[in-house]
Structure formats: C-alpha cells, structure tokens
Amino acid sequence: MINFVDLWVYLSGSPLLWLTATIVAYIVADAISAACGRHPLANPVLMSVVFISAVLIISKTAFPSYFAGAQFIHFLLGPATVALAVPLYRHLPEVKRMFVPMIVALIVGSIISISSAVLLAKWLGLSKLATLALAPKSATAAIAMGVAEKIQGDPALTAVMVIMTGISGAIIVTPLMNLLRLKNYAARGFAAGLVSHGIGTARAFQVNPLAGTFAGIALGLNGVLTAILVPLLLPWLLG
Amino acid sequence: MLHAFAILLCLQLAGEALVRAVGSPLPGPVIGLALLFVWLVSKLPLPEATNETADGILKHLSLLFVPAGVGVVQQLPLLGAEGWKLLAIILVSIALSLAATAVTFAAIAKLMKIADEAPGEKGR
C-alpha cells in the first residue's frame, strides 16, 4: 500500500506539484469566468489566488516551497511584456490616430491616481509607510517597487498595494465604464492599463483586442510617468 | 514557436542588459517591448510563428499574475489594522482615476473627431 504521508512529503517538496496546481487552479478559474460570461466579479486571477491560498493554508505549505514551483509561471511575465509589442504593432494605425487623446489622458490619469491615493491616506491618517506604498500603486510591480526604494518606502508593502490595485481595477473597470456610458474601447482599455497595469491589461484583452492593445500601451507609459511623478509630487502632496 | 519564444527571450535579455548598462529606472522587459516594436516597425525578418506565440502568451496573461497574487495573500498580515482603510482608499482612488482617464481620452478623441467606436462586445 502507498504511504500517503511519504508521497505527500515527496511531492510537496518538488516544484512539479505547485506548478501543476497553479495551472489547474487557473484553468478551473478561467472556465468559471467563461461560464459566467466573463462577468467582472468572476476574475480569474482573484479566483485562482483564493483557491491556491486556501490549499496552502490547509496543507500548511510555506510560500517559498509554493514559489519554487510557481516561479516558472511568474518568470513568463517578462516574455509576455515583450510580446505586448505584437498587438501594439498590429493596431498601429489606431494608436497613431489616438496619439493626442492618449498623451493627455495619460498625464491626467497618472496625476489623479497618485494624488488621490496620497491625499486620501493623509486625510484618513494612515501611517507614513502605508501612504508611501500607495503612491506608486498603479505602476507595474517592478517599477513600483523601484519607486518605493527611492522614496524610502517598503517594496514588499508596495507590491501588495500594486496587486490589490490590479485586481480591484480589473473588477470595477467594466461596470464603471458602462455606468459612464463610454463605448470607446480604446479609452476604456487605456484607463484599465493605466490604473491597473498588467492585471487590468489582462482584463482588457478578455473584453476586446483593441482595448487590450491600448491597455498595454498605458501600462508601459504610466510605469514611466509614475516613476517620474511620484518623487516630484510627494513632497508637495505631503507638505 | 520555439524560434518565436527565443526571440522574445533574447529581446528581454537585451532589455535587461541595456537597463543594467545605462542604469535606467525601467524594467528590462519594458525595454524588450520597445525593441520588439522597433524590430516590427523596421520590418526585419521574424520567425513565422511570432504573432501566434505572442497572442498565445497574452491570451493567458491572467495566469502569470497568480504566483504574485498568492504572494500578496501571504503578506496581508503586513497591512495590520490599516487593511480596510487601505482597501477603501484603493477603491476610491482607482474609481476616480479610471473615470478621469477614460473620460479625458474619449472627450479629446471626440473633440478631434476621431471618436469612431471600436467594434467590441457591448455591456461586458
């Protein structure tokens, strides 16, 4: 007879188990999302994260052993970012035409995203560390964590804000845009990518390829602008 | 597909190398994106499957955020008593910035008479 404890001890120590678990959890989450007609609340990232986290807690698995397997998926974020150039090139005529609206919306959106978070945090009396973590929340994780270091914030806490911003934005963007009666998919996608970086971009690709393309552009541009604006605006906002 | 994947990796690698060399604040993959874009615009030869490979990865972009998301759940105790306030601030701030960005974009496009609606599924 197989000794299940031995089997578990063996499997839980190998990267295969958690790599497989992550992919299977996502396939299930994506199937649920599709069955719900891609309803924004049935967000595949959120569902997969909840599934996996529950399994990790129940099985008392530490994050480093989970990540030993999941890192292979995490690693693909790099090539996926490079791949965003393909839809960008494919939709180049639309992108060129929308150049002016894009740049103005970028500046407006980036300033509002940073200043609203910092001012609300100040108003609610949050700690300095939490306030600093909120400032670059709309930039993609790698950039936001770099900004956090520069402003003497906590990169780990900043990463938490970035992912929370990504998932919340991916959930509220569709109902909010419908409420505003905005049917311009370039504008909708651009907002999703600007505010919710990669997770917003993933959501935009789910809805419409053109929206996804503009989300990808916004993700890149706002990453750069956030890195420039946060150190400039912060003394002024906190002053 | 293998060739296309190799191209993506090579450009990311080139991006990372450039970032280290110049000390740019941008992440290597974003530079890689710019390099691939320049490559496409200059119509340099690319493996046939580049389009499909890129689309294939981007189709499941959500999957790639799952490990980082699980990491965040582990860090939630870091938020402590401020957790709910933080979530509330994030929700208000993103609602404001999503609305401001999209409305500005659409309004200027309309003003410039380039507001032709993209074909897309409505109401989702």
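Just so you know, the sequences run in chain order A and B.
Read in this note's numbering, the first sequence has 44 at position 44, and its numbers run on one by one without any break.
Start counting at 1 in the second sequence, then tack on 1000, and there's your number in this note's numbering.
Using N, Cα and C, we set each Cβ at its ideal position, and we do this for glycine too.
Computed from a predicted model, the values in this text were never measured in an experiment.
Check whether residue 171 of chain A and residue 40 of chain A have beta carbons under 7 Å apart: Numbered from its first residue, the first sequence carries residue 171 of chain A at position 171. Numbered from its first residue, the first sequence carries residue 40 of chain A at position 40. Yes, the pair counts as a contact, with Cβ atoms nearer than the cut-off.
Compute the Euclidean distance between the alpha carbons of residue 1121 of chain B and residue 1002 of chain B, then round it to the nearest angstrom. Locating residue 1121 of chain B in the second sequence gives position 121, where the first residue counts as 1. Locating residue 1002 of chain B in the second sequence gives position 2, where the first residue counts as 1. Low confidence applies here, because residue 1121 of chain B scores a pLDDT of 42, under 50, leaving its location unreliable and the question unanswered by this model.
For residue 1097 of chain B and residue 11 of chain A, I'd like the C-alpha separation in whole angstroms. Here the question's residue 1097 of chain B lines up with position 97 in the second sequence. Here the question's residue 11 of chain A lines up with position 11 in the first sequence. Each residue's alpha carbon lies about 45 Å from the other.
Which same chain residues end up closer than 6 Å to residue 18 of chain A when comparing Cβ atoms and leaving out the 5 residues on each side of it in sequence? As a first step, residue 18 of chain A must be located in the first sequence, where it is residue number 18. So the qualifying residues of the chain are 66, 69, 70.
In terms of alpha-carbon separation, which member of A:178, A:180, A:184, A:139 lies closest to residue 243 of chain A? Summary: the structure shown does not reach residue 243 of chain A, with chain A confined to residues 1 through 239, and so no result is reported for it.
Inter-stretch contact (C-beta, 8 Å, three-pair minimum) for the region 1039 to 1052 of chain B and the region 80 to 88 of chain A: yes
Does DSSP put residue 1123 of chain B in a helix, in a strand, or in coil? The sequence position of residue 1123 of chain B within the second sequence is 123, counting from 1. At residue 1123 of chain B the pLDDT is 42, less than 50, meaning the model places this residue with poor confidence; the figure from the coordinates comes in the next sentence. Three-state result, residue 1123 of chain B: coil.
Give the secondary structure of residue 14 of chain A by DSSP, where H, G and I count as helix, E and B as strand, and everything else as coil. In the first sequence, counting from the first residue as 1, residue 14 of chain A sits at position 14. Here residue 14 of chain A sits in coil by DSSP.
Could you tell me whether any Cβ in chain A is nearer than 7 Å to the Cβ of residue 1118 of chain B? Looking up residue 1118 of chain B in the second sequence gives position 118. Confidence in residue 1118 of chain B is poor, its pLDDT being 48 and thus under 50, which makes the residue's placement unreliable; the coordinate value appears in the next sentence. Chain A, which has a Cβ nearer than 7 Å to the Cβ of residue 1118 of chain B, makes this yes.
Inspect the beta-carbon positions of residue 118 of chain A and residue 225 of chain A and report whether they are closer than 7 Å. Position 118 of the first sequence, counting from 1, holds the residue named residue 118 of chain A. Position 225 of the first sequence, counting from 1, holds the residue named residue 225 of chain A. No, these two residues do not count as a Cβ contact at 7 Å.
Would residue 1077 of chain B pass as an interface residue toward chain A - the criterion being a Cβ-Cβ separation below 7 Å? If you number the second sequence from 1, residue 1077 of chain B lands on position 77. Cβ-Cβ to chain A under 7 Å: no for residue 1077 of chain B.
Do residue 1011 of chain B and residue 1035 of chain B have their beta-carbon atoms positioned less than 7 Å apart in this structure? Within the second sequence, the letter at position 35 stands for residue 1035 of chain B. Within the second sequence, the letter at position 11 stands for residue 1011 of chain B. Cβ distance < 7 Å, so residue 1035 of chain B and residue 1011 of chain B count as in contact.
Residue 205 of chain A to residue 212 of chain A, Cα distance in whole Å? Position 205 of the first sequence, counting from 1, holds the residue named residue 205 of chain A. Position 212 of the first sequence, counting from 1, holds the residue named residue 212 of chain A. Cα-Cα distance, rounded: 4 Å.
Any idea if residue 20 of chain A is buried or exposed, counting beta-carbon neighbours within 10 angstroms, 16 or more meaning buried? For the purposes of this step, residue 20 of chain A is identified with residue 20 of the first sequence, where counting begins at 1. Exposed, because fewer than 16 other Cβ atoms sit within 10 Å of the Cβ of residue 20 of chain A.
Less than 7 Å between CB atoms is the rule here; does residue 77 of chain A satisfy it with respect to chain B? Numbered from its first residue, the first sequence carries residue 77 of chain A at position 77. So yes, residue 77 of chain A belongs to the interface.
Assign residue 110 of chain A to one of two classes, buried (16 or more other C-beta atoms within 10 Å of its C-beta) or exposed (fewer than that). In the first sequence, residue 110 of chain A corresponds to position 110, counting from 1. Buried is the call here.
Using the three-state DSSP reduction, which class does residue 33 of chain A fall into: helix, strand or coil? For the purposes of this step, residue 33 of chain A is taken as the residue at position 33 of the first sequence. Helix.
Length of the line joining the Cα atoms of residue 192 of chain A and residue 221 of chain A: By one-based count along the first sequence, residue 192 of chain A stands at place 192. By one-based count along the first sequence, residue 221 of chain A stands at place 221. Cα to Cα, the separation comes out at about 13 Å.
Quick check: the region 1057 to 1072 of chain B against the region 147 to 166 of chain A, are at least 3 beta-carbon pairs closer than 8 Å? yes
At which residues does the alpha helix (DSSP H) containing residue 1017 of chain B begin and terminate? Against the second sequence, residue 1017 of chain B aligns to sequence position 17. 1002 to 1022 is the span of the alpha helix (DSSP H), which, as asked, contains residue 1017 of chain B.
Local Cβ density within 10 Å of residue 136 of chain A, reported as buried at 16 or more and exposed below that: Here residue 136 of chain A refers to the residue found at position 136 of the first sequence. The residue in question, residue 136 of chain A, is buried, as its Cβ has 16 or more Cβ neighbours within 10 Å.
Going by DSSP in three states, residue 62 of chain A sits in which element: helix, strand or coil? Here the question's residue 62 of chain A lines up with position 62 in the first sequence. Correct three-state label for residue 62 of chain A: coil.
Please list the partners that residue 1001 of chain B has in chain A, where partner means a Cβ-to-Cβ separation under 9 Å. Here residue 1001 of chain B refers to the residue found at position 1 of the second sequence. Per Cβ cutoff of 9 Å: no residues; residue 1001 of chain B is ~12 Å from chain A at best.
Using a Cβ cut-off of 7 Å (strictly closer), state whether residue 184 of chain A contacts chain B. Within the first sequence, numbered from 1, the residue matching residue 184 of chain A stands at position 184. With 7 Å as the cut-off, residue 184 of chain A counts as an interface residue toward chain B.
Counting only beta-carbon separations shorter than 7 Å, does residue 5 of chain A have a partner in chain B? Within the first sequence, residue 5 of chain A is the residue found at index 5, counting from 1. Output row for residue 5 of chain A: interface = no.
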